[in-house]
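Trainee:
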């Protein structure tokens, strides 16, 4: 691994590749995606070797078990990458779709989906993102510049080089898939300012988000911060509420759509809190409650102001009793990150008020927040979950990696 | 006019207003828009008085005639603002539209249009933008913070205050329409960094664009730069081509969808150039041509490299002869600003290649680039013409001022 790189040159190559990719037929792209899947399978041992070196370095430098797990590849995960690419090949091609066509004074005016152009992606430990992101960008006709985490550098280099070679042998333009393979920290900031990018997609935590907000000079889509709530209304079915709460907190606590704070209507608190808190504790969840919660469940710890703001990504839950729906919605408005929010209720009126009044990428009635996911929503593989409102909101599939243009079929029209 | 302002406070007010606006019924918003139109009419004299003061200052400080004309209001222009607001009231409300609903493992999943939230707008001389932008934002359920040009400060203050008062009397939340009324230059940069903004829309020239790219820390949509081309192919109908060229250059040269460079296939140059250049000259157009152009039309000036890059916004036209379609498309790719591009051709193959291969917000076959406009495309009043690919491309109407969210109707679903 060297620290040398020429990002401007990579940008020029990507732009040229994007121009070619934008007019390549669907079947040619699909053939390339399938060839990329085969190349991943054929070079499995090489990938495992490089991943082992990354893992050895990670252990030596004291990475946590969770991070090492995200970094680790094995036969099943490598096969998963290949299958993922084949699935992307089977998706409908969004490029060229006509979203409408009508007659106007300019002639026949249509709106057609086109690729975004050049996409930059900054991501962290999981090396399989290298394959997923490359596949999604290629399918949607975009060139991609990948910037993976330094922990997975060797794995990313070998995966990107396999994919890039297979793609170009299958008639994709050179430069369609490029990895920014350097340990240099400045390279990330340079990528955030690379004018060749049509969009930058950061996938990471709070530090990456802050750095993007400070440094980015190209359009970007924020993804994946999730301080998600569940509100158990006075009329909730208690069994259903317990089920949903346990699922939202425990099924996979380390992800962005897991619940971090539970809000409970005061009129159901006495019946709900003892049974639900007990069930959570049995599953190893640490409860941090307000005074009312601690009155009803004395082994709960004290919730601090900071707890309402925190994405624990862990088996920890902040719990608060509220007077009514309005207080619950105000709490969500104040502390939420506009990712996924749920109400459990049997009240039609409150369900409707929550759906229209809560401002988030996904708003649930009587279901777990854990469902916010491109696969579950039917988009196939996803490029992340957007928590901003511009361009894409919620899970982003290939469609969200496109723009549109107007095409006009005239017959000599001029403007009067 | 004072230099004091508290943008953070304006941001808080706008955020609170946006939350209220997002759930206000369509008919209530329309009533407010019609009340705003009436208030503009009723306070016409006050608006004219303040506009006169702006015009006096403008003349004293040596504004050009063109700028003074953009700044000036009269009875007809004020009535135009009122009618514009009434037209916006008659638009279909984009908020609440369901873009799809399907069954999934989470329950019934729908995608619904919601307002963006708080929109910031930075614009230049024309004070009628104050009314248009306020109306479009209100209709789409967004709060707006307006930052107009200093030349029109008094006009903008009076218009914004009339609109804001009429809106709040018609049950719109306080803070729905706010004007950043200060001469301070730093205020613009502060607005570009105001975290309360969900999106910033700059409407202005190259300097504003540069400042946005350097200073903005919120999502933005670039608008309105247009270095537009027309390519006259070998097979073009000469009469049609002359008509389209004259319209694209002369009908209104000072706007972003006017043509700046004309490209001509070498095989039609001898027949086309003398007649077309003569027609342009008769309309006062200054021709700057390459060597071939000057061989066929000796009174043309020499085109410099800079001319290919320039948006003249004036009766000046750069003209170049190219060998073939590919060279024309390469020229557009190199010098274009991805706004509006046209081909005049009778070749089906070349029309298709141009439509799919040229990357711009609007791509025309056999029609004038002058048609790129929200009104012409059928969107009603427009908030500007986006020249970026993220979120909105081309003319932006009320729909482009919305985002979406997913709503999920469950019945106790948890993720397995």
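Protein chains in written order, with the working numbering: chain X, 9 to 424; chain G, 9 to 424.
We put the beta carbon where it would ideally sit given N, CA and C, even for glycine.
Have a look at G:197, G:247 and G:242 and flag the residue whose alpha-carbon is nearest the alpha-carbon of residue 224 of chain G.
Mentor: The shortest C-alpha separation from residue 224 of chain G is found at G:197.
Trainee: Is there a Cβ from chain X that is less than 7 angstroms from the Cβ of residue 433 of chain G?
Mentor: Residue 433 of chain G is absent from the model: chain G starts at 9 and stops at 424.
Trainee: Is it true that the stretch 266 to 285 of chain X meets the stretch 239 to 247 of chain X, where meeting means three or more beta-carbon pairs spaced less than 8 angstroms apart?
Mentor: yes
Trainee: Excluding the 5 residues preceding and the 5 following residue 267 of chain G in the sequence, name in chain order all residues of the same chain whose CB lies nearer than 6 angstroms to its CB.
Mentor: 236, 238, 256, 257 and 377
Trainee: Interface residues of chain G around residue 136 of chain X at Cβ under 9 angstroms?
Mentor: What residue 136 of chain X touches in chain G: nothing, since even the nearest Cβ is about 21 angstroms away.
Trainee: Which residues in chain G sit within 9 angstroms of residue 259 of chain X, going by Cβ to Cβ distance?
Mentor: Neighbourhood of residue 259 of chain X in chain G, by CB distance below 9 angstroms: 422, 423 and 424, in chain order.
Trainee: Let me check understanding here. Comparing Cα to Cα, which of G:409, G:177 and G:12 lies closest to residue 126 of chain G?
Mentor: G:409
Trainee: Listed from N- to C-terminal order along the chain, which residues in the stretch 108 to 119 of chain X have their beta-carbon within a distance smaller than 7 angstroms of any beta-carbon of chain G?
Mentor: 110, 112, 113, 114, 115 and 117
Trainee: How about residue 165 of chain G and residue 189 of chain G: do their beta carbons lie closer than 7 angstroms?
Mentor: yes
Trainee: Taking the straight line between their C-alpha atoms, what separation do you get for residue 205 of chain X and residue 226 of chain X?
Mentor: 7 angstroms
Trainee: Give the secondary structure of residue 294 of chain G by DSSP, where H, G and I count as helix, E and B as strand, and everything else as coil.
Mentor: strand
Trainee: In whole angstroms, what is the alpha-carbon distance linking residue 391 of chain G and residue 95 of chain G?
Mentor: 14 angstroms
Trainee: Using the beta-carbon of each residue, which ones in chain X are nearer than 7 angstroms to residue 392 of chain G?
Mentor: Under the 7 angstroms cutoff, chain X gives no residues; its nearest Cβ is about 15 angstroms from residue 392 of chain G.
Trainee: Okay, do the stretch 382 to 401 of chain X and the stretch 138 to 157 of chain X touch, 3+ Cβ pairs below 8 angstroms being the bar?
Mentor: yes
Trainee: Quick one, are the C-beta atoms of residue 337 of chain X and residue 305 of chain X less than 7 angstroms apart?
Mentor: no
Trainee: Hey, how far is the Cα of residue 293 of chain X from the Cα of residue 315 of chain X?
Mentor: 14 angstroms
Trainee: Could you pull out every residue in the same chain whose Cβ sits closer than 8 angstroms to the Cβ of residue 152 of chain X, ignoring the five residues on either side in sequence?
Mentor: The residues are 22, 126, 127, 128, 129, 141, 142, 145, 146, 184, 185 and 186.
Trainee: What do you reckon, are the CB atoms on residue 354 of chain G and residue 340 of chain G nearer than 7 angstroms?
Mentor: Residue 340 of chain G is positioned such that its CB atom lies no closer than 7 angstroms to that of residue 354 of chain G.
Trainee: Give the DSSP-derived three-state secondary structure of residue 51 of chain G in the structure shown.
Mentor: coil
Trainee: Between which residues of its own chain and residue 109 of chain G is the CB-CB distance below 6 angstroms, once the five residues before and five after are set aside?
Mentor: 118
Trainee: Can you have a look at residue 9 of chain X and say buried or exposed, based on whether 16 or more other CB atoms are within 10 angstroms of its CB?
Mentor: Any reading at residue 9 of chain X needs caution, since the residue's pLDDT is 49, under 50, leaving its predicted position unreliable; the model's value is listed next. By the 10 Å Cβ count, residue 9 of chain X comes out exposed.
Trainee: Apart from the five residues on each side of it in sequence, which residues of its chain come closer than 8 angstroms, Cβ to Cβ, to residue 161 of chain G?
Mentor: 9, 62, 189 and 191
Trainee: Terminal residues of the continuous alpha helix (DSSP H) containing residue 236 of chain X?
Mentor: No alpha helix (DSSP H) holds residue 236 of chain X; the beta strand (DSSP E) holding it covers 236 to 240.
Trainee: Examine chain X for any beta-carbon lying closer than 7 angstroms to the beta-carbon of residue 43 of chain G, and answer yes or no.
Mentor: no
Trainee: For a minimum of 4 consecutive residues, which ranges assigned as the alpha helix (DSSP H) are wholly contained in the stretch 187 to 272 of chain X?
Mentor: 194 to 200, 214 to 223 and 246 to 258
Trainee: May I ask you to list, following chain order, the residues of the stretch 399 to 420 of chain X that have a beta carbon less than 7 angstroms from some beta carbon of chain G?
Mentor: 399, 401, 402, 411, 412, 413, 414, 415, 416, 417, 418, 419 and 420
Trainee: Comparing the C-beta of residue 59 of chain G with each C-beta of chain X, is any distance below 7 angstroms?
Mentor: no
Trainee: Just list the alpha helix (DSSP H) runs in the stretch 83 to 122 of chain G, keeping only unbroken ones of 4 residues or longer that don't cross its boundaries, in chain order.
Mentor: 83 to 98
Trainee: With a threshold of 7 angstroms between beta carbons, is residue 9 of chain X in contact with chain G?
Mentor: Residue placement at residue 9 of chain X is flagged as unreliable, the pLDDT there being 49, under the threshold of 50; a coordinate-derived value is accordingly withheld.
Trainee: Scan the stretch 282 to 341 of chain G and note each continuous alpha helix (DSSP H) run of 4 residues or more that stays entirely inside, going in chain order.
Mentor: 299 to 304 and 313 to 317
Trainee: List, in chain order, every chain X residue whose beta-carbon is nearer than 8 angstroms to that of residue 82 of chain G.
Mentor: Under the 8 angstroms cutoff, chain X gives no residues; its nearest Cβ is about 23 angstroms from residue 82 of chain G.
Trainee: Would you list the one or two residues that DSSP bridges to residue 431 of chain G?
Mentor: No information on residue 431 of chain G is available, as it lies outside the stretch 9 to 424 that chain G covers here.
Trainee: Output yes if chain G places a C-beta closer than 7 angstroms to the C-beta of residue 235 of chain X; else output no.
Mentor: no
Trainee: By DSSP's criteria, residue 372 of chain G is part of a beta bridge. Which residues make up the other side?
Mentor: X:416 and G:350
Trainee: With a threshold of 7 angstroms between beta-carbons, can residue 196 of chain X be considered close to chain G, or not?
Mentor: no
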